[in-house]
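Below is one structure, written out as structure tokens; comments come after it.
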Amino acid sequence: MTRIAAITVAAATLVAALPAFAADGPQTSPVKLQRVVMQCDTDQATRRGFMRQHGVAPTFITADQALAARAAGETWAAPRCMTAREHARLSQVLTSYAAVR
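In mature numbering (1 follows the signal peptide of the UniProt record, and there is no 0), the protein residues as written are -22 to -1, 1 to 79.
Listed below in structure tokens is the structure:
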């Protein structure tokens, strides 16, 4: 009976340790890199809200920079911002690309 108890305890220990061994495999990055562009205002309240939500100050880009990043396959951890005017330019360019296809 003691031998069966010892084997059971050893098997339970191995089963409990399996998740710990599985964690030793390749680690995945908790930050998912994306290419997200948001329309943002330039006022202080928007900047504070963006910083609170994403942990960094907003980085504003133009429509041309967004298209260049798309063509180059560039990604970033935090979203980029653009003004309403630049967002309209980007939408217009992307709509004309879609119309050609």
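All residues carry an ideal CB built from backbone N, CA and C; glycine is no exception.
Assign residue i to one of two classes, buried (16 or more other C-beta atoms within 10 Å of its C-beta) or exposed (fewer than that).
i	result
V34	exposed
A44	buried
V78	exposed
V14	exposed
M16	exposed
A41	buried
Let me check one thing: in DSSP terms, what residues is residue i bridge-paired to?
i	result
Q12	W54
M17	The sequence given here places Gln at residue 17; Met does not occur at that position. Answer is M60, bridged to Q17.
F38	C59
If you compare alpha carbons, which of the options is closest to residue i?
i	options	result
A56	M29, T20, D19	M29
Using a threshold of 9 angstroms, state whether the C-beta atoms of residue i and residue j are closer than that.
i	j	result
L11	T53	yes
T61	T20	yes
I39	R63	no
Worksheet item: Using 8 angstroms as the Cβ pair cut-off and three pairs as the minimum, do the region 43 to 53 and the region 22 to 35 touch?
Response: no
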